[in-house]
Amino acid sequence: MKLGKILMACTTLLLLAGIVAAQENTESATPSGKEMAAALAIGVAALGAGYGVGVAGSASVGAIAEKPEVFGRALVFVAFAETIAIYGLLVALMILFGIGA
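Numbering (the working numbering), first residue to last: 6 to 106.
Have a look at this one:
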């Protein structure tokens, strides 16, 4: 319930930011669709990576506590979750610089 309220507040603020920016007279003050898309790409990727690292990290700690020899495999699974954020950053850079368009 609390997460839903936070997401609704963030969405409302994001939408209102576009309205406020539209009232400015200068072109540099208004973010374009590219900047908003890049921010959304890296933001969602970071949220997904954070959740994945949390789940994989807690499972890894439990597995390592029972069998210390699985440390290497557990570390790999946590690294897989972290790569989601790197992919999000790459997609954001591709959006900003128009690579692949």
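The beta-carbon is built from N, C-alpha and C at its ideal position, and this holds for glycine as well.
Is the beta carbon of Ala-50 sitting closer than 8 Å to the one on Ile-89?
yes
Would you say the beta carbon of Thr-16 is closer than 7 Å to some non-hydrogen atom of the ligand GDP?
No copy of the ligand GDP occurs in the structure displayed, which carries no ligand at all.
Taking the straight line between their C-alpha atoms, what separation do you get for Ala-11 and Ala-46?
Inspection of the sequence shows that residue 11 is occupied by Ile rather than by Ala. One Cα belongs to Ile-11, the other to Ala-46, and the distance between them is close to 19 Å.
Ignore the nearest five residues each way along the sequence and tell me which others in Gly-93's own chain have a CB closer than 6 Å to its CB.
Ala-46, Ile-47 and Ala-50
Once you ignore the five residues that flank Gly-9 on each side, which residues in its own chain have a CB closer than 7 Å to its CB?
So no residue of the chain qualifies.
Does the beta-carbon distance from Ala-86 to Gly-67 come in below 8 Å?
Result no, Cβ atoms of Ala-86 and Gly-67 do not sit closer than 8 Å.
Is Ile-11 helix, strand or coil when you go by DSSP?
helix
Taking only the alpha-carbon atoms, compute the straight-line gap between Lys-72 and Ala-54 and give it to the nearest angstrom.
26 Å
Applying the criterion that 16 or more other CB atoms from any shown protein chain within 10 Å of the CB defines a buried residue, is Ala-97 buried or exposed?
buried
Which residue comes first and which comes last in the alpha helix (DSSP H) that contains Val-81?
76-102
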